[in-house]
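Scroll down for the structure; my scribbles are underneath it.
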Amino acid sequence: MGVSGNLDTMQLGDLLQWCGSNLKTGTLRVKRGPIEKQLFFKDGRLFSSTSSSPRETLGQFLIRSGCITEEELFKALIEQDRSSRPLGQILLSSEVITEDVLEELLRLKTEEAIYDCFLWKDGEFSFDSAPLPEAIPVSLPLDLTGVILEGARRFDEWERIHQVFPSRLTIFELNHTAMEEASDLNEEDRRVLELVARGKNLAEISLELHSVEFYAASRLLELHGRDLIVVKETPEEIDYEQQVTELRDKLDTGVSLYNNGDYENALSAFESALEVDTQNKYARLFTIKIRRILDDLEKVSDIPRDAVPHLKVTLVELAQLDLDPQEGFVLSRVNGEWDIASITMICPMAEQEVLIIFKRLLDQGLIELEE
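So the sequence shown is residues 1217 to 1587, counted in this note's numbering.
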């Protein structure tokens, strides 16, 4: 039986406990934005996971751990694309890593994909009791209780991190006095401190470390606690979700106004949408189209509504013309008896659109008006 819901009403720890207590077999899918995790259970035991996050691939874990370089990963990925062999198998055969190292990193990768979900305050989940995939990437015994406890610990630490570094855009600077006295810096400490010295913010440091932001933030918090770095600046983050919602509302409003023939207000709505996203192609195309319509409307203001249109070409000649559906519809109502106002009334289009079509037909010499 399938179960689904939202993480804001049922937390991940409760979900895992429910799967374990009820001896579930199947796949728990957790999704937030473009990222989806799959957690695999058999008889209530959690034994594997996958992630669509680019930060949680085996290659990124190998680089972060210092086992391989970016160049070695690149060569291995080229070979993987050519041979379709698993990345781990390629690295083992080329003796870049040992089997023990690979197994340990696969375990860490599997666990990290799960721990990251504990930091999600929103998202969707679903449990599917369908048969498990035959080719599950990694099958490792995971202590469910331990995973839940570690996930809860990370959630608490994430809250503590946000109190010190409230933004992903936080910029740091070195405390040179403390740096001179520090004698216990390891290689990763020096790497992080070098990135701080280069003015990288938290999000950028995370990318440079090939890690999820929790890991990078934890390393920075530790260095901050040792007074090796201080917060220099905390720019306010852009609320992308709010921007997306605002943009969608403005686009929907613009389309509705456009469909109702309210072109001036529709143009204002689309121009407002471009203030949120200057590169939005949808809004840009509509603004171009509406401006052309408004230009045309200035030209049709003098068309007499009581004039009766007559065809200046034969029906055979009309059939050979490349007319759009709206033009064809209007022309089909030109019978030599109905005036423009009457035809406008029966057309399923805004009056302005009908008048623009009449102006176009007049310019093309397809009709003439009898007043």
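Ideal Cβ placement from N, Cα and C applies to all residues, glycine included. Note that the structure is predicted; figures quoted are calculated from it, not measured.
- With the rule of 3 Cβ pairs closer than 8 Å, the region 1344-1364 counts as touching the region 1240-1247.
- As far as DSSP is concerned, Gly1339 takes part in no beta bridge.
- CA-CA distance, Leu1423 to Gln1296, rounds to 23 Å.
- For the 8 Å CB-CB criterion, Leu1358 and Phe1257 do not form a contact.
- Beta-carbon to beta-carbon, Leu1231 and Phe1341 are separated by about 6 Å, close enough to satisfy the 8 Å threshold.
- Relative to Trp1554, the option among Leu1585, Leu1436, Tyr1331 and Glu1462 whose CA is nearest is Leu1585.
- Residue burial annotation: Thr1266 is buried, with at least 16 other C-beta atoms found within 10 angstroms of its C-beta.
- Contact between the region 1535-1548 and the region 1472-1490 is absent: fewer than 3 CB-CB pairs across the two stretches fall below 8 Å.
- Segment contact: the region 1393-1413 against the region 1425-1442, three or more CB-CB distances shorter than 8 Å; contact assigned.
- The straight-line gap separating the alpha-carbon atoms of Glu1320 and Leu1278 is approximately 11 Å.
- In this structure, Gly1236 is the residue among Leu1274, Lys1247, Gly1236 and Cys1283 with its C-alpha nearest to the C-alpha of Arg1261.
- Lys1505 has its alpha-carbon roughly 55 Å from the corresponding atom of Arg1323.
- Secondary structure at Thr1243: strand, using DSSP grouped into helix, strand and coil.
- The secondary-structure analysis by DSSP pairs Arg1248 across a beta bridge with Ile1251.
- Taking a C-beta distance under 8 Å as the contact criterion, Leu1444 and Ala1398 qualify as a contact pair.
- For Pro1525, the secondary structure class from DSSP, reduced to helix, strand or coil, is strand.
- Scanning Leu1467, Arg1576, Ile1519 and Arg1508 for the CA closest to the CA of Thr1494 turns up Leu1467.
- The DSSP-derived three-state label of Lys1515 is helix.
- Per DSSP, the continuous beta strand (DSSP E) segment holding Asn1222 begins and ends at Val1219 to Asn1222.
- Boundaries of the beta strand (DSSP E) harbouring Ser1265: Arg1261 to Ser1267, taken from the DSSP string.
- In this structure, the beta-carbon distance from Asp1338 to Arg1271 does not fall below 8 Å.
- Residues Tyr1331 of the same chain have their beta carbon placed closer than 7 Å to that of Glu1366, with the five preceding and five following residues left out of the count.
- If you draw a straight line from the Cα of Ser1309 to the Cα of Lys1253, it comes to about 29 Å.
- Residue state for Val1447 is assigned as strand, using DSSP reduced to three classes.
- For Asp1297, no pairing in a beta bridge is given by DSSP.
- Between the beta-carbon of Ala1485 and that of Thr1469 there is about 5 Å, and that keeps the pair under the 8 Å contact cut.
- For Ile1352, same chain residues with a beta-carbon under 6 Å away, outside a window of 5 residues either side, are Phe1256 and Ser1264 in chain order.
- A straight-line Cα-Cα distance of about 29 Å links Thr1450 and Ser1281.
- For Val1380, same chain residues with a beta-carbon under 8 Å away, outside a window of 5 residues either side, are Leu1437, His1440 and Val1447 in chain order.
- Across the set Asp1372, Ser1269 and Trp1234, the C-alpha of Ser1269 shows the shortest separation from the C-alpha of Val1428.
- Closest in alpha carbon position to Met1565, among Arg1500, Ala1329 and Tyr1474, is Tyr1474.
- Considered as a whole, the region 1475-1514 harbours 1479-1492 as its complete alpha helix (DSSP H) runs of no fewer than 4 residues, in chain order.
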